[in-house]
Amino acid sequence: MTDKILKVKNGDTVGSVNDLLKDLLNSKKVQALLVMQEVPSKAMAFPVLISNPDKLNSNVFAPVLPVSTASIISKITKIESSSKPIGVVMRSCQIRALIELVKLNQANIDNIVIIGIDCLGTYPVNVYSDFPENTTPTNYLLSNFPKNSNDIKYLRSACKSCKDPIPINADLLIGLYDMNPKKELLIQINSDKGKKLIEGIKLDSAKDTKNREISVKNIREEKNKNRIDFIKEGGKIKGIDALAKFFDKCINCHNCMKVCPICYCKECLFDSSVFNLEANKYIGKAEKKGLFKMPNDSLLFHTTRMNHMVVSCVGCGLCEQACPSDIPLMEIIIPIGENAQKEFDYSPGIDIEKKIPMVIYKEDEYQEVGEK
Amino acid sequence: MVTIVIDSKKYETNPDETVLEVAQKNNIFIPTLCHHPVIEPYSVCRLCVVEVTQGGKTWLTTSCNLKIIDGMEIKTVTQRIQRARKVLMELYLARCPQSDFLKEFALKLGVKETRFESKSDIDTQCILCGMCVRVCDQVMGVSALGFANRGVNREVMNPFDKFSEVCMTCGACAFVCPTQCINLSDLSRNKPEPLINEFNAGLNNRSAIYVPFPQAIPNVPVIDKEACMYYLNGTCKACEKFCEKDALKHDQNDQEIRINVGSVIVSPGFDNYIPPRGDSYGYKVYPNVLTSIEFERMLSASGPYGGHIQRISDGNQPKKIAWLQCVGSRDESCNKPYCSSVCCMYATKEAVIAKEHEPGLETHIYFMDLRSFGKDFEKYYNKAKEEYGVVYRRCRIPRVEQDIKTKNLKIGYVDDEGKVKDETYDMVVLSVGLQPCNALGDLSKILDVNLNQYGFVETSPFFKTLTSRKGIYSSGTVTEPKDIPESVTQASAAAVEAAKDISVARGTEIIEKIYPEEIDISNKYPRIGVFVCHCGINIAGVVDVKKVVKSAETFPHVVYAEETIYACSQDSLENIKNKIKELDLNRIVVSSCTPRTHEPLFKDTLREAGLNPHLFEMANIRDQNSWVHKNEPEAATEKAVDAVRMAVSKASKLYPVHHFQTPVTQSTLVIGGGIAGMTSALAIADQGYKVFIVENESELGGHLKNIYMGIDKEKPQDLLRETIKNIKNHSNIELFINTKIDSVSGYIGNFNTKLKSKNNKDIKEIKHGVIVVATGGIPYEPVEYQYGKDKNIIKQTDFEKELFDNKSYLKNLKEVVMIQCVGSRNSDHPYCSRICCSQALKNALKLKEINPEVNIFVLYRDIRTYGFKEDMLYSKARKKGIIFIRFNEDDEPKVNLHQDKISVKTIDLILGQNVILHPDKLVLSTGIIPRDNSEITQKLKIPLNEDKFFAEAHVKLRPVDFSTDGIYLCGLAHSPRFIEESILQAKATGARAATILSKPYLETKGNIAHITSRNCAGCKLCIDVCSYDAIEFDEEKRIVKVNEILCQGCGACSAVCPSGVSQQNTFTKKQVISMIDACLE
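Chains as they are written, first to last, in numbering that gives the first Met the number 0: chain A, 0 to 371; chain Y, 0 to 1080.
Dropping the structure here:
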């Protein structure tokens, strides 16, 4: 499919994208759009579901991810799939999360058109709302682009070591890499859904995209390097004592679970009464060790949560952002996730047809486990 | 009862016991070298000295003959005792410096060396304990041995130092000798013959009272009357003294029991062929030549070598093993002209397992034709070759030679290029064939059934369970050598025949057990009773049961704990019931053996006492404890305490589970009207149940319509006509032709199926309890070998029709070529079609009969005429001059057409030269391929295998069942097979179906899963992992639901459910986690 170019008017990247989105709403190709829009104080941006083009004043590039857009799509489509088309502008990690949720029967994208944007990374919410530089976070990021992401200040650690900042499985892609965002943006059509969406909207054809391929390759390599460092570092956390030390600041608030797009349970097992023991058992434990830290199930919570979600972990880093104790969760989640996914030869959020490893039984798999 | 204090601990005991006996019972170690429970104490070794305090006096005395007096105080370890024992031990060491046993025993007592000088002229290991003398006198009652001389010259010998006339060569003296210094051949004129352990194929020995094999049913010992000294000489009975339950009754006699039966099934199995001693393979002469049965026992973890492969000659691990196929099979010289059908596969299996046991082992199999004709067998054979590196060499080995020194074995063989080579092996395994069992001769006379020319039970041509006598049926290898799946299938088929004869009496002799009404425990606190079992000495010999009971008493909710010698004995069960009533217990924990065998018994006891049977928990402190921790009694006791604590903890969280019942619709849907479908329908209908047959096509018959001749004189078309007639006349059968399955809903016992006529006009709904899938297979339509380009290139099935019609041109044929494996055993169809070899030979022989002058060439890869077909077809064909030329898969024959003349070019592998044939007729032996089963698969939710045939629940154990309950499988839809084999499967489905249809209702299992709907996120992971199709998705509520009838309680859904919504009764998260917590407490 031919790629298109969106000309940026007056250097207003955000405004030009908004014009395009308004055109989409006006053309009735989508009934509503889910996009990031800044709150009136401009201190934060949240996803909003917009149906009236006049109300659209979004900022798709706002470099912040306060909530998981994938979880929001799940919320919208879980009970029944949308009867009318909804467009949703998403970052790559959230698209991956959405694909996982579809596999887990927690979201339905039959009538959802995914508009992906090349991700330049996001800032932690507190940095975004109280930005230390003399400009808006969006402008700061766009004007610093295309620097090496390690050189861009304030980016979240998850973003620095992103699995892939280029959206896969997006019907339409708004491209930044190898573009000058002050002048023009790439509009890539990846599916029939995407093609239908921009039919009738006047856009120039793009010239060859060879250079883009190179810069995409470069950015992927750069992020991958960071990931490898993470995995190396994380590999040093070994044994129950190191693990306990890593999580010793945990206040058992379960925020990480609440923001995680993959944690989809209606009620977490750890919020239930399964781990509540009788008094004599608590006393028994205290007697055995002499002392017994309470709450008692925080480490078990983290290991169980990891056991449940790591193979599907898309590396969005929302858990780390939500942690009130500033536990650097990505340092452990990324290495465990990567290794677990490698073990099962599984990449979350890539292939919607591939079943998650948990439900596939292979007779000759892990024969060595349990033998020694 | 008297009280005695041993090492400051009180024990209550019988007054007539000795101190040593009490100590041994309570696991208190007192060393002794002259004590044995079956002989009178003699107090000669003096090692069992203890310190006795009574009436203010303290002295040392031997404990083995010390009778207990009330209030006696005993110390077993003091400095004084140790000093005494040490001196004694040193004296023993000085007397017998050679004895390893004594050295080890001394170490146990802390004695490393002796201070006394050994007398160089005494070279004995005898410590003069006199056990041999006493056992001979007191137990065996013959006194063949005695002491002679006095003082330093005292020794044990036969009277006058001559072979004793009264010695029975029983070996009791050698058995009790602590230092193992008695050599029976020094004492007895007779050569002692150890009793061969039959189950281990003679690789080791057994005693005269023994459990025949670990899985024996019933699992109780038997006495070998031909070896037991009591039955031979009226002496011994030592075993009685060991049995705490007095279960040994030597006065039991053989009884003749008369029972009236409606039908008989003969299924005595086979004997394996035993190569004659001194034949050219050297079996029983060369120690490292074994039969496959012996090797099988060697491989077994429960076998004589614990699964370790070792040479008999030196115990070394072999590096290279050869298997020689067809020993006692396909061999007219030993009167075994038939193929034993199973040896190719078992040799392959043994080679693969041996390689898994000992990585780096080389395994070579010498064979003539590799007969991997069963379902998925070809795949296994290829895997053995390619993945495991098992080497296959096509050569029948004439002789095995042994190197006298090394005991290695040399084999000469001819390789693929025709060169004679030889190779040396550490071990040779003879793949022995199957022969009729020894007992069959007499049995057949008693039963008055005919045996066939090979000595197996003669069966009706198409109905392999019918013997020559009405009402007597036969199954398994007694009718023809066969593998496990076929045996199991035939067994079910025999069962259906037997059941049919007596179906009018079904259910008339059942006595229903009546249980008291269940006690409501919903408002009661857990009151747990714990029963810890000794299991004779099985548990109590290692685990300190008393300590376990003491600990159990302290666990939360435990109201009562006690020990019991055998928890499963009738009086103990009665006791459990009484205690439940007496103490108002509402949860029971039995700490004993495995729930696999005994849980049902205890659960039933709970029901009898009015408790819900699922308020029961078992802690296995035998199989997983005392048996495996024999040498660590203290740790074992601690582990047992933990196990009981875990069980108690879980028990406190148990809740009553009730079983639901659903009625069964007593009718069957048979899908497919071929011979398999029709036979299945008749088998079920004859038992009195309604059957619906649905056939896609306009007439019945399926693939059988293409088969005109049997292997012998059978007439397939007559069979077809007869079967169709029976179907049409049967009042229980309703037939739908030109009909398809539209939809199937429901589950076992209650299916609901919509049938649609082919023109889509009529839709009919039927209700039924079970389904038989007999959708058949289809003949392969070849694309290779120029098929379709010349009228003289035809398929084997078409050729069969021409032979049957006795077409006139057949007489004029000069040369006919048959090519085998067309569309089989290749990359498109990697399986063997099983029937084509026999079909080709059957037709070739028929052609020879019509036209004896014709030259017939059969181009083949392996001839797979298994069973009697080997003799009836292959041998006969060769004798009639039919020429067989083998080709390799990667070098298939080339067929060329030139001006209507066919030429076939192939390499003769023996000559190593091209052969060009110009047949008048080229016949292609095409196989069977599966139908497009995708629709049925989806509608019934049943699986296909890799080759797209249906996949049964278990290849060996459930060959005609699907893993989804209530759906059965037979005929070509299962895999390619002969008519009679399809019929057996079909009959087997009849038996399997009756297990459901004969019940008025089905009951759920107890430990099934249930879903907490409130928290179900509807992710469907559980649906993916459920093997039994027991979980459905409720589209409206967007949650899953368990079908309680289909659920088998495997727990896979509970394991996969992230939020713990799917919980398995009796294994809920709460229960399991509480066990883990209790374990870590």
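Even glycine gets a Cβ: it sits at the ideal position worked out from N, Cα and C.
By the CB criterion at 8 Å, Leu328 of chain A and Glu342 of chain A fall outside the cutoff.
For Ile410 of chain Y, the enclosing beta strand (DSSP E) has its first and last residue at 408-413.
Taking a beta-carbon distance threshold of 8 Å, Asn279 of chain A counts as an interface residue toward chain Y. Annotation: the continuous alpha helix (DSSP H) that includes Ser184 of chain Y extends over 183-186.
Taking 8 Å as the CB threshold, Gly283 of chain A lines the interface with chain Y. For Cys1018 of chain Y, the nearest beta carbon of chain A is closer than 8 Å to its own beta carbon. Scanning the segment 1003-1060 of chain Y for uninterrupted alpha helix (DSSP H) segments of 4 residues or longer gives 1020-1024, 1051-1055, listed from N- to C-terminal end.
For Val215 of chain A, there is no enclosing beta strand (DSSP E); the residue is part of the alpha helix (DSSP H) that begins and ends at 209-233. For Ser571 of chain Y, the enclosing alpha helix (DSSP H) stretches over residues 569-582. Annotation for Thr752 of chain Y: the continuous beta strand (DSSP E) segment containing it runs 749-756. Closer than 8 Å to the CB of Val368 of chain A there is not a single CB belonging to chain Y. Here the alpha carbons of Tyr808 of chain Y and Thr722 of chain Y stand approximately 33 Å from one another. The beta-bridge partner set that DSSP reports for Ala566 of chain Y is empty.
Of all alpha-carbon atoms in A:Gln187, A:Val124, A:Leu185, the one lying nearest the alpha-carbon of Ser156 of chain A is that of A:Val124. Gln254 of chain Y sits exposed, since fewer than 16 C-beta atoms from the chains shown fall within 10 Å of its C-beta. If you look at Ser1073 of chain Y, you'll find it in the alpha helix (DSSP H) that goes 1068-1079. The beta carbon of Cys252 of chain A sits no closer than 8 Å to any beta carbon of chain Y.
Residues are counted here when their Cβ sits less than 9 Å from a Cβ of chain Y; for the segment 259-277 of chain A these are Cys262, Tyr263, Cys264, Lys265, Glu266, Cys267, Leu268, Ser271, Ser272, Val273, Phe274, Leu276, Glu277, given in chain order. Distances from the CA of Val110 of chain Y to each of Y:Phe100, Y:Glu89, Y:Cys95 were compared; the closest alpha carbon is that of Y:Glu89. Interface flag for Leu242 of chain A against chain Y is unset, since no Cβ pair is found closer than 8 Å.
Short of 7 Å from the beta carbon of Ile250 of chain A, and not among the five residues preceding or following it, lie these beta carbons of its own chain, in chain order: Pro323, Ser324. For the C-beta of Gln340 of chain A, not a single chain Y residue is nearer than 8 Å; the gap to the nearest is close to 17 Å.
Of all residues in the segment 329-363 of chain A, only Lys354, Ile355, Met357, Val358, Ile359, Tyr360 place a beta-carbon less than 9 Å from a beta-carbon of chain Y. Assignment of beta-bridge partners to Thr12 of chain Y by DSSP yields Y:Val1. Between the C-alpha atoms of Asn189 of chain A and Asp53 of chain A there is a straight-line separation of about 28 Å. When CB distances to chain Y are screened at a threshold of 8 Å, the residues of the segment 97-120 of chain A falling below it are Leu103, Asn104, Gln105, in chain order. For the set Y:Thr458, Y:Ala83, Y:Arg468, Y:Arg505, the Cα lying nearest the Cα of Gly475 of chain Y is the one of Y:Thr458. Glu479 of chain Y and Phe867 of chain Y do touch by the CB rule: their CB atoms are close to 6 Å apart, below 8 Å.
Proximity to Asp414 of chain Y across Y:Leu446, Y:Phe798, Y:Phe366 peaks at Y:Phe366, based on C-alpha coordinates. Within the segment 293-314 of chain A, His307 place their CB atoms closer than 7 Å to a CB of chain Y, listed in sequence order.
Against chain Y, the CB of Ile78 of chain A has a partner CB under 8 Å away; the residue lies at that interface.
Within the same chain, Cβ atoms closer than 8 Å to the Cβ of Gln179 of chain Y are found at Phe100, Gln124, Ala173, the five residues on either side in sequence being excluded. For Asn913 of chain Y, there is no enclosing alpha helix (DSSP H); the residue is found in the beta strand (DSSP E) stretching over 912-916. Going by beta carbons, Lys649 of chain Y and Ala608 of chain Y fall outside the 8 Å limit. With its beta carbon at least 8 Å from every one in chain Y, Lys54 of chain A lies outside the interface. Relative to the Cα of Asp330 of chain Y, the nearest Cα in the group Y:Gly388, Y:Arg395, Y:Arg976, Y:Ala383 belongs to Y:Arg395.
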